[in-house]
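**Q** Below you'll find the structure I mean.
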Amino acid sequence: MPEHRKISRLLHFIVRLRSPFGCEKQEMADQFSVSIRTIERHILLLRDIGFHISQEGSRFYIRNAGKHKLLPEELIAFSLEEATIIRNALLNNPAQGAIQHLLLDKLYALTDLDELAETMSNLNQSLVITRIRLALQNKEQVLLKGYESANSNSKGDRLVEPVRFQKYYRYLSAFEPLTAKMKVFKTDRIQDVVLTGKKWEFESQHLRSRLDVFGLTGDQPFYVELLLSQRARQLLCEEYPDAVTCLTIKGKKNHFCGEVYALEGVGRFVLGLLDEIKVIEPQALKEYLKEKIKKTELRHWLS
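Just so you know, the working numbering puts 304 at position 270 of the sequence shown, and the rest follows in order with no gaps.
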């Protein structure tokens with residue numbers, strides 16, 4: 035198993051151990067699809083690195099996690115040294131996937147942001163986020179240099195008034211004066227950020243828009259239900275970790291049931307796995323997919 039998956043599994047294991055009811059070895063083995071022996075090795079590893087794991091009957095617990103030894107502010111943030119050790123552990127293995135990036139985003143969110151900026155895996159993105167944070171604090175406009183838009187398939191500079199970060203700094207909600215609209219920008223598609231020094235001019239139009247699990251926003255959410263193969267379910271969780279909250283099992287089959295704000299996000303995912311996903315509803319998504327398939331077939335025929 036890739037090292038970053040083991041780290042992710044250990045983090046989930048720690049969360050379960052710290053819950054009020056703790057956990058049993060068998061239930062954790064079933065949840066992670068591993069042997070009880072593997073769970074026992076995890077327990078030994080956590081004890082070796084300093085976790086105090088107690089056992090009551092068949093259930094295991096982490097009691098207080100040594101909170102009496104730590105100040106409150108130390109419980110909710112990593113120091114730079116702690117963050118660097120964890121970051122290096124993630125980056126020193128060849129696997130580069132959604133889970134690794136999500137863990138790095140969470141690490142960034144739980145560490146002194148300005149101090150950690152120089153040690154992120156992607157220095158350019160760190161500087162982008164740091165400059166936008168400064169503009170947010172000062173309520174100033176910024177120029178997003180070389181932004182690559184997936185919707186328009188174009189690249190250019192965008193003058194915006196940043197409003198807030200979302201999804202562990204993966205997205206920026208901002209008001210764009212040119213179009214007079216709130217828009218969502220992926221921070222990893224921003225080449226550079228220029229601080230203009232100009233104050234916000236359109237604060238009254240800054241709407242607190244919400245994102246769906248595919249990273250898109252809109253005026254009105256609509257309900258989507260998909261039937262997924264096991265592979266499609268796994269890929270959905272890897273590419274869009276927030277989608278896990280919308281996954282259910284009905285009659286031993288995997289279903290995605292949730293609200294989205296735009297057809298494009300969920301549509302792109304379904305188009306990549308047409309043989310492994312069935313759209314239950316809405317009809318609008320079915321029509322969207324049919325139209326996309328027709329256009330693709332026409333392009334192939336013309337070529």
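Every residue gets a Cβ at the ideal spot worked out from N, C-alpha and C, and that includes glycine.
DSSP three-state call for E325: helix, strand or coil?
**A** The residue you call residue 325 lines up with position 291 of the sequence shown. Helix at E325.
**Q** Take K233 as the anchor and find which of H86, E259, L177 has the nearest alpha-carbon.
**A** Translated into the one-based positions of the sequence shown, residue 233 becomes position 199. Nearest option by C-alpha distance: L177.
**Q** Kindly indicate which three-state DSSP category V68 falls into: helix, strand or coil?
**A** Walking along the sequence shown from the start, residue 68 turns up at place 34. Here V68 sits in coil by DSSP.
**Q** How would you call N288, buried or exposed, if buried means at least 16 neighbouring beta carbons within 10 angstroms?
**A** Taking the sequence shown and counting its residues from 1, one reaches residue 288 at position 254. It counts as buried.
**Q** What are the boundary residues of the alpha helix (DSSP H) that L297 is part of?
**A** Here residue 297 refers to the residue found at position 263 when the sequence shown is read from its first residue. 297-305 is the extent of the alpha helix (DSSP H) around L297.
**Q** Within the same chain, show all residues whose beta-carbon is closer than 8 Å to that of T279, passing over the 5 residues directly before and after it, in chain order.
**A** Reading the sequence shown from its first residue, position 245 is the one you call residue 279. So the qualifying residues of the chain are V247, G292.
**Q** Could you tell me which residues DSSP pairs with M216 in its beta bridges?
**A** As a first step, residue 216 is located in the sequence shown; it is residue number 182 there, counting from the start. F209.
**Q** Over the uninterrupted alpha helix (DSSP H) stretch that includes L268, give me the two end residues.
**A** Mapped onto the sequence shown, residue 268 falls at position 234. Checking the sequence, you will find Gln at residue 268 rather than Leu. Its alpha helix (DSSP H) spans residues 264-273.
**Q** For F290, does the count of other Cβ atoms within 10 angstroms reach 16, so buried, or fall short, so exposed?
**A** As a working mapping, residue 290 is identified with position 256 in the sequence shown. Looking at its Cβ environment, which holds 16 or more other Cβ atoms inside 10 Å, F290 is buried.
**Q** Pick from T213, E237, A214, D191: whose alpha carbon is nearest that of T198?
**A** In the sequence shown, the residue the question calls residue 198 occupies position 164. At residue 198 the sequence reads Arg, which differs from the Thr that was named. It is E237 whose Cα lies nearest to the Cα of R198.
**Q** Cutting at 6 Å between CB atoms, please list the residues of its own chain near L263, excluding the five before and the five after it.
**A** Position 229 of the sequence shown holds residue 263. The displayed chain sequence assigns Ser, not Leu, to residue 263. So the qualifying residues of the chain are E310.
**Q** Take E315 as the anchor and find which of K329, V300, K326 has the nearest alpha-carbon.
**A** Position 281 of the sequence shown holds residue 315. Cα-wise, what sits closest to E315 is V300.
**Q** Quick one: complete beta strand (DSSP E) runs, 3+ long, within the segment 44-93?
**A** Runs found: 87-90.
**Q** Compute the Euclidean distance between the alpha carbons of D82 and V258, then round it to the nearest angstrom.
**A** Along the sequence shown, read from residue 1 onward, the residue named residue 82 stands at position 48. Along the sequence shown, read from residue 1 onward, the residue named residue 258 stands at position 224. Cα to Cα, the separation comes out at about 46 Å.
**Q** Please report the distance separating the alpha-carbon of I224 from that of L241.
**A** The count along the sequence shown starts at 1 and reaches residue 224 at position 190. The count along the sequence shown starts at 1 and reaches residue 241 at position 207. About 22 Å.
**Q** What's the C-alpha gap between S92 and Q65?
**A** If you number the sequence shown from 1, residue 92 lands on position 58. If you number the sequence shown from 1, residue 65 lands on position 31. So the alpha carbons of these two residues sit roughly 16 Å apart.
**Q** Decide if Q175 is buried, meaning its Cβ has at least 16 other Cβ atoms within 10 Å, or exposed.
**A** Working through the sequence shown from its first residue, we reach residue 175 at position 141. Classification of Q175: buried, given that the 10 Å Cβ count is 16 or more.
**Q** Whole angstroms is fine: what's the gap from G249's alpha carbon to R50's?
**A** In the sequence shown, residue 249 corresponds to position 215, counting from 1. In the sequence shown, residue 50 corresponds to position 16, counting from 1. If I take the Cα positions, the gap works out to 28 Å.
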